[in-house]
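Each residue of the sequence shown is one higher than the one before, starting from 144 at the first, in the working numbering. Where a beta carbon is used, it is the ideal one built from N, C-alpha and C, also for glycine. These figures come from a predicted structure and were not determined experimentally. In what follows, a single structure is set out as structure tokens and then discussed.
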Amino acid sequence: MSDTILHLDALLFDMDGTLVDSTAGVVGAWELFRQSYPTIDVQDILSSSHGIRTVDNLQKHCGIDDPEILEEEAERFEKAIVSTASEGGRPGIVLLPGVKPIMDEIASFCCLPRPRWAICTSATRAYATSALASAKVPIPDVFIASEDVSRGKPYPDPYLLGAEKCGVRPENCVVFEDAPSGVRSGRAAGCKTIALLTTHTRQQLEEAQPDFIIKDLSFVSIKVTDANVIIMIKEN
């Protein structure tokens, strides 16, 4: 089986579980919230909440319906991710394998006439900015956060907006995702999808029907040209 080469117009990345690992902080945040919402089952939440907007998770698992309280609690939760990630010997928010070479290649083409990449995350802009800074990932010109769309993943809205802001058609984009909900979002938007085995099992990802499944971004190399983006998916 040979490597696969794709010629596309833009790269659309999820953030948590794709570019950075914030698992320690997320666990710490849910443990903190259990003090306020004692009926929640942290392990059950962790098995199903990844890739979903914080406001949607809090509404579902904590029963928060008041929009003002929901916004305040979402902000408190995401601040807790950053603050608890490095406490008690936790590893903090870290860069995932294969991300740095891709970011280095993207940085080498900073003056192109249109954006060639975007981050489309279920996190709020405030938290995502902090998390990316912590892991030393640059903020792209096209940065889609939870508050930028009325419907989060698995709806197509985040990736449709990402493609639009890059000035390209969704079918000419590739989405990098680690969560089934994100894969479904990318597919619904009409993008090609590459799923990473960083947070979910192969079986869970296969159910979302991505175009490709790889271990992590170390199995991908990219080359940005004046005309397009070349993506090589290594055999794994």
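If the five residues before and after Val326 are omitted, its C-beta is found closer than 7 Å to the C-beta atoms of Glu320, Thr336, Ala338, Leu348, Ala351 and Pro353, all from its own chain and listed in chain order. Secondary-structure assignment with DSSP links Val363 through a beta bridge to Ile376.
Non-local C-beta neighbours of Ser273 in its own chain, meaning closer than 7 Å and more than five positions away in sequence, comprise Val225, ordered along the chain. Spanning the alpha carbons of Ala172 and Ala261 requires a straight line of approximately 27 Å. When the beta-carbon positions are compared, Ala288 and Ala266 come within less than 8 Å of each other.
In this structure, Ser190 keeps its C-beta atom at 8 Å or more from the C-beta atom of Asn200. In terms of Cβ geometry, Pro301 and Gly295 form a close pair [threshold 8 Å]. Residues of the same chain with a CB within less than 7 Å of the CB of Asn371, apart from the 5 flanking positions on each side, are His150, Leu151 and Asp152 in chain order. At the C-beta level, Lys279 and Leu238 come within 8 Å of one another.
Membership of His150 in any alpha helix (DSSP H) is not indicated; the residue belongs instead to the beta strand (DSSP E) covering Thr147 to Leu151.
The three-state reading of DSSP puts Thr166 in helix, counting H, G and I together. Leu175 is positioned such that its CB atom lies no closer than 8 Å to that of Val198. In the structure shown, Asp247 adopts helical secondary structure according to DSSP, grouped into three states. In this structure, the beta-carbon distance from Tyr298 to Ala322 does not fall below 8 Å. Taking each of Pro258, Pro256, Glu215 and Leu275 in turn and checking the Cα distance to Lys243, the smallest one comes out for Leu275.
Judged by beta-carbon spacing, Val363 lies beyond the 8 Å limit of Gly194, meaning their Cβ atoms are not closer than that value. Distance from the Cα of Pro210 is smallest, within the candidate group Glu290, Val317, Ser328 and Ile376, for Glu290. The beta carbons of Glu307 and Asp146 sit no closer together than 8 Å. Residue environment analysis places Gly160 among the buried positions, since at least 16 neighbouring C-beta atoms fall within 10 angstroms of its C-beta.
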